[in-house]
Amino acid sequence: MSMTVRGVIARSEGAPVEVTDIVVPDPGPGEARVTVQACGVCHTDLHYREGGISDEFPFLLGHEAAGVVESVGEGVTEVEVGDFVVLNWRAVCGECRACAKGRPQYCFNTHNAVQPMTLTDGTPLSPALGIGAFAEATLVAAGQCTKVNPAADPAVAGLLGCGVMAGFGASVNTGEVGRGDSVAVFGCGGVGDAAIAGAALAGATTIVAVDRDPKKLEWAKSFGATHTVDASAVDAVEAIREATGGFGADVVVEAVGHPEVLKQAFYARDLAGTVVQVGVPTPNMVMPELPMIDFFGRGGALKPSWYGDCLPSRDFPELVDLYLQGRFPLEAFVTERIGIDGVEEAFAKMGTGEVLRSVVEM
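So for the sequence shown, full-length UniProt numbering puts the first residue at 1; every next one is plus one.
Here you go:
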């Protein structure tokens, strides 16, 4: 039968979030109900609250989550009751043209649970990224559950559900950083620092972190940056060239989501280098103006990165294992652990740059 649990909702644009009772139905065919143990507070949740993604209020917020499968619906084979899982927002279909080409990380037909979660008066909720995990339990498509080693701390493992995976994958999957490469990362929040950590793990020897916040530059060094650039004080492009022998970086990751930063990233790469954009722009932003001869003459690649071009079934277990082996500092992204009633305050801390990630523990 359905269960009533506490959850965090955004009832209207810009209004403070509320903790209220929500109704989570029994899983139907292809669905799973998950007892949420921990969920990170991501910028995307704030974008939902501010109406920056859609106007389908009320939203059930939260999506960077880990927990235990409580029940499953008919036909579910991916997971079983009792499995420890990280939730993902790209449940691949296995049938679309991307999947048919053997590139399921680009699946064009990802899916979510069909049944809605609701308020107690029956009002349907729109779950953030199809997950809605600032709640004691949530309903998702079974394919959104990725089984990982249960030895992992849920507050740490859940961060793979969005920001850390996006940044790590931007370097390793999209940018294809390899041994001896030089890398520059614009924006040293959670996503940018994950890109730095991924580049370090992949064997990059020069990693240049660019930001305007001294505290974030210090964080970047702890994740593997070999050089830091305060973009408020110096020309970031020239500083990156200086750090790379005058050439520019082999791979430049734009983790801000701003046209002018993307333009800087373009000019900060070496000839035939790669620019990866993983920072999420707002809908009104347009590509920066570039002389076509510069685009043509520099060669290389300009690549957007969808969710770090990850395949959760492949990447989540591997990264959890690397974390448990002490080879990937996943725990370092957790700045604070809070209760379910602390989300609004966590949004404020996010805005002032005080935290990499606040994590709600249920």
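Built from N, CA and C at the ideal position, the CB exists for glycine as well.
query: Are there 16 or more other CB atoms within 10 angstroms of the CB of E50, so buried, or fewer, so exposed?; result: exposed
query: V355: which of D213, L87, G167, N112 sits nearest, CA to CA?; result: D213
query: First and last residue of the beta strand (DSSP E) that includes I188?; result: The amino acid at residue 188 is misidentified as Ile; the sequence shows Cys. Premise fails: C188 is in no beta strand (DSSP E) and is neither H nor E.
query: Count the C-beta pairs between the segment 215-227 and the segment 155-167 that are closer than 8 Å, then say yes if the count reaches three, no if not.; result: no
query: Which residues in the same chain have their Cβ closer than 6 Å to the Cβ of P127, if we skip the five residues on either side of it in sequence?; result: L60
query: Measuring CA to CA, which of A133, C96, E218 is closest to I340?; result: A133
query: With C-beta atoms as the reference, is D26 less than 9 Å away from S2?; result: yes
query: Mapping DSSP to helix, strand and coil, what is R269?; result: strand
query: So the beta strand (DSSP E) H227 belongs to, where does it begin and stop?; result: 227-230
query: Going straight from the alpha carbon of P288 to that of D270, what length do you get?; result: 19 Å
query: Pop quiz: T35 and A152 are said to be a contact at Cβ under 8 Å. What is the actual Cβ separation, rounded to whole angstroms?; result: Their Cβ separation, rounded to whole angstroms, is 16 Å, which puts T35 and A152 out of contact at 8 Å.
query: Cα-Cα, which of G73, P317, G248, D193 is closest to P329?; result: D193
query: A128 bridges to which residues according to DSSP?; result: Looking at the DSSP assignment, A128 forms no beta bridge with any residue, so it has no partner.
query: What does DSSP give as the partner residues of K303 in its beta bridges?; result: V276
query: Just mark I131 as buried or exposed, buried being the case when its beta carbon has 16 or more other beta carbons within 10 Å.; result: buried
query: Can you tell me where the alpha helix (DSSP H) with F108 in it begins and where it stops?; result: Premise fails: F108 is in no alpha helix (DSSP H) and is neither H nor E.
query: Taking the C-alpha atoms as reference points, what is the distance between T120 and T244?; result: 58 Å
query: Tell me which residues share the same chain as V68 and place their Cβ nearer than 8 Å to its Cβ, disregarding the 5 neighbours each side in the sequence.; result: V34, T35, Q37, G82, D83, F84, V85
query: If you run the structure through DSSP and keep just helix, strand and coil, what is K216?; result: helix
query: Quick check: what's the CA-CA separation for V148 versus G203?; result: 25 Å
query: Provide the residue span of the alpha helix (DSSP H) that contains G169, from first to last.; result: 163-169
query: Taking three-plus beta-carbon pairs below 8 Å as touching, is the segment 278-296 in contact with the segment 232-250?; result: no
query: Considering C145, what are the terminal residues of the alpha helix (DSSP H) in which it resides?; result: That residue, C145, is in no alpha helix (DSSP H); its beta strand (DSSP E) goes 145-147.
query: In three-state terms, what does DSSP make of F57?; result: coil
query: Taking contact to mean 3 or more Cβ pairs, one atom from each stretch, closer than 8 Å, check whether the segment 254-266 and the segment 184-193 are in contact.; result: yes
query: On a Cα-Cα basis, can you pick out the residue from V5, V23, P29, D45 that is closest to A15?; result: D45
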